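Chains as they are written, first to last, in the numbering used here: chain A, 153 to 499; chain B, 153 to 499.
Number of protein chains: 2
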Amino acid sequence: MIMKTMYTLSALARTIALGALLTLGVPAQAQTDPLPSWNDGAAKQAIVAFVKDTITPGSPKFVPPADRIATFDQDGTLWVEHPMYSQVMYILESVPALVKAKPELAKVAPFSTVLEILKGDRAAIAKLTMPDLEKLAAATLTGMPVDTFEAQAKKWLAEAKDPRWKKPYTELTYLPMQEVLKYLRANGYKTYIVTGGGQDFVRVYSEATYGIPPEQVVGTAGGTKYGYGKDGKPFLTKEPKLLLNDNNAGKPEGIHLMIGRRPYAAFGNSTGDREMLEYTKAGDGARLSMLVLHDDAKREYAYGPAQGLPDTKVGTFTQSLYDEAKKQGWVVISIKDDWKRIFAFEP
Amino acid sequence: MIMKTMYTLSALARTIALGALLTLGVPAQAQTDPLPSWNDGAAKQAIVAFVKDTITPGSPKFVPPADRIATFDQDGTLWVEHPMYSQVMYILESVPALVKAKPELAKVAPFSTVLEILKGDRAAIAKLTMPDLEKLAAATLTGMPVDTFEAQAKKWLAEAKDPRWKKPYTELTYLPMQEVLKYLRANGYKTYIVTGGGQDFVRVYSEATYGIPPEQVVGTAGGTKYGYGKDGKPFLTKEPKLLLNDNNAGKPEGIHLMIGRRPYAAFGNSTGDREMLEYTKAGDGARLSMLVLHDDAKREYAYGPAQGLPDTKVGTFTQSLYDEAKKQGWVVISIKDDWKRIFAFEP
């Protein structure tokens, strides 16, 4: 009861202060920039205009609070995806424990290849084919109770470090995008992650890292199987059965499955986000579709191949995607020009 | 701006009134019964005790607000399911329009059988087999854009009436359960529907009928397919491909897929809810699992076959489920004894 009372008294104090401001005719928060890590420019202006238009009662573009849905791709949009997706690093770095439990795997590809990579031959990552990765994913992400997987992923996230910045992966989120998440939420938007990454994996850290609860993470998802332990207690086991491939057309399909309504704003950075941005922009009224372009080799990475940037298989942003963005009125965010600061840990 | 200011001033007035009450030492809302349609008894007491235990800071059973998830079956738990599930009525009553568009279906079973049923031979419903119903469901629920389906379902819901009460189906919700939904939400719980019914169907009316937004409806779900219209605009088509059969073990599996965490409270009324209630109750700390028993032939319906009630194929509540409930500490709600009023339209 003490906490509740304190909460109420503090809410009272805040409300009275706000009331006083209104009485004096001073617009509340007029001086506060919601996006301080952004340089002034078309991208920042587009976000601010979208929010103002959609939350102002009487505006022709007003969106009722219940309909305010915004979706964000994760890898390359909310956090760093180069040189390799964090979840792929998790899969690779989970192999030694797997081999310890089943020593016969040490001499079998692709497990043997992964052991070489982890011994220092990082270039050998390129040897892994898509079927290899699928086999590794099935072995490290499925076949265990959901609680066991969650504990393993949590442990890895607490210990693993990105090779360039020597920081936990969860610190490599983009500060400007964190500001957009908070700005949208402060204006009544429900923020969702819609990722090609594993839904169960991202849910482990989404709340602490982005303030996004597990139920607002849509990702590539496998089935689970309900069963009972020896003690009679029920539990769910992760199955190697794909329910939703949350990439490309799978993104709007996943949004329909998990959210059931069309977003008003969507953010991505690669061809895997194309259909989500198309679907968002095709709705009535004000819709915001934005793409992050990685064009800052010095402060982060530079890849496309759009606009003559180096080509990549990780987070490909083609010229055709760039052209569609320009044609459809999507806004391209240049990391180099639009972001004053990239990470919270930077000075 | 005027609306915003008025909102703030009204919030201010309410907060000050609450502050005054606290200053006077009068507990706010002490006199208000959150469950006025419930008779005093074990069921009502279990709900009130659960809420008090889980929201009181310092209580060993305290549940942090972010974890407060409660799930509700729909048919037979939140609204009437006899003599037949509303969605089955939707499927049957959609057949004439289907036959109008494709006249060759008029002489083909099961479409011809449905036409007989609708002409007055209601008993012929019993002739429909499960494969018949699946064929009818595929024909009436899939193959069209999601927006078209939504418009059709909305139209039907506005016009269709339950044969006994001559009221729209959406008015046949149980007032005591509506009170539980509101009571839980007022105490920080996120309320979800977890139904064997069609996810897209229930989402059409969940917000208006229960205050539950589409993204908090988990149901039996089919795939959709992303494509482009002649005008180049993208849209999703409902496909006859089952992604989630949200019954029995499918309920906890669906909860993991769509919500990603275990509920603290779950409500059901039939064997299809067994696994959801087991899964809920198996969690740590305070967990509430409840079952509605339809034992009031006069005011609603009576069916089991638990406790010697008449047997049924629609919302079966077996003696084995009843015995498991008693053994596991789930609470059985007797409509006859626990509910003072059943419907809001009753005097």
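C-beta: ideal position from N, C-alpha, C; glycine also. Only a predicted model underlies this, so the values are computations on that prediction, with no experimental measurement involved.
Asked: Proximity test, Cβ basis, 8 Å: Met410/A and chain B; Found: yes
Asked: Interface flag, Lys385/B vs chain A, CB-CB below 8 Å; Found: yes
Asked: Alpha-carbon spacing of Ile207/B relative to Pro216/B, whole angstroms; Found: 8 Å
Asked: Listed by chain order, chain B residues near Pro366/A by CB distance under 8 Å; Found: Ile411, Gly412, Arg413
Asked: Pairwise C-alpha distance: Glu323/A and Gly228/B; Found: 47 Å
Asked: Spatial neighbours of Lys196/B in its chain, beta-carbon cut-off 8 Å, leaving aside the 5 residues before and after; Found: Leu187, Trp190, Asp490
Asked: Cβ neighbours of Met410/A in the same chain (closer than 7 Å, five flanking residues each side left out); Found: Val370
Asked: Where Glu268/B falls, given that 16 or more other Cβ within 10 Å makes a residue buried; Found: exposed
Asked: Residue-level contact to chain B via CB, Gly349/A, 8 Å cutoff; Found: no
Asked: Proximal residues to Phe202/A (C-beta, below 7 Å), its chain only, five neighbours per side dropped; Found: Ala417, Ala438, Leu440
Asked: Buried versus exposed call for Asp192/A [16 or more other C-beta atoms within 10 Å across all chains shown]; Found: exposed
Asked: Under 8 Å by beta carbon: chain B residues contacting Glu359/A; Found: Ala218
Asked: Beta-carbon neighbours of Tyr431/B, restricted to chain A and to distances below 9 Å; Found: Tyr378, Pro386, Phe387, Leu388
Asked: Pairwise C-alpha distance: Tyr326/B and Trp231/B; Found: 5 Å
Asked: Residue range of the unbroken beta strand (DSSP E) whose run includes Ile485/A; Found: 483-486
Asked: Beta-bridge pairing of Gly437/B - partner residues as DSSP gives them; Found: Beta-bridge pairing links Gly437/B to no other residue.
Asked: Residue interval of the alpha helix (DSSP H) (run including Phe469/B); Found: It is not in any alpha helix (DSSP H) - Phe469/B carries neither H nor E in the DSSP assignment.
Asked: Closer than 8 Å to chain A by CB, Gly375/B; Found: yes
Asked: Where Lys342/A falls: helix, strand or coil (DSSP); Found: strand
Asked: Exposed unless 16 or more other CB atoms sit within 10 angstroms - verdict on Thr281/A; Found: exposed
Asked: Pro404/A vs Leu388/B beta-carbon contact at 8 Å; Found: yes
Asked: 8 Å Cβ cutoff, Ala454/B in contact with chain A; Found: no
Asked: Nearest to Thr376/B (by Cα), restricted to the options Ser238/B, Asp299/B, Gln471/B, Gly467/B; Found: Asp299/B
Asked: Nearest-angstrom Cβ-Cβ length linking Leu394/A and Gly412/A, presumed shorter than 8 Å; Found: Not really, about 21 Å apart at Cβ, beyond 8 Å.
Asked: Simplified DSSP state of Trp491/B, which is helix, strand or coil; Found: strand
Asked: As assigned by DSSP and simplified to three states, the class of Met442/B; Found: strand
Asked: 8 Å Cβ cutoff, Glu498/A in contact with chain B; Found: no
Asked: Backbone secondary structure at Gln480/A - three-state DSSP; Found: helix
Asked: Within chain B, the residues that Leu395/A reaches when beta carbons sit closer than 9 Å; Found: Leu395, Leu396, Leu409
Asked: Coil, strand or helix - Glu391/A by DSSP; Found: strand
Asked: For Pro297/A, three-class secondary structure by DSSP; Found: strand
Asked: Length of the line joining the Cα atoms of Asn470/B and Gln459/B; Found: For the record, residue 470/B in the displayed sequence is Thr; it is not Asn. So the two alpha carbons sit approximately 8 Å from each other.
Asked: Under 7 Å (Cβ pairs) to chain B, residues found in the region 268-279 of chain A; Found: none
Asked: Where the region 282-302 of chain A meets chain B: residues whose CB sits under 9 Å from a CB there; Found: Val298
Asked: Cross-strand partners of Val369/B (DSSP beta bridge); Found: Ile345/B
Asked: Neighbour-count burial assignment, Pro179/A, 16 or more Cβ in a 10 Å radius; Found: For Pro179/A, the predicted model reports a pLDDT of 46, less than 50, meaning its position is unreliable and no value from the coordinates is stated.
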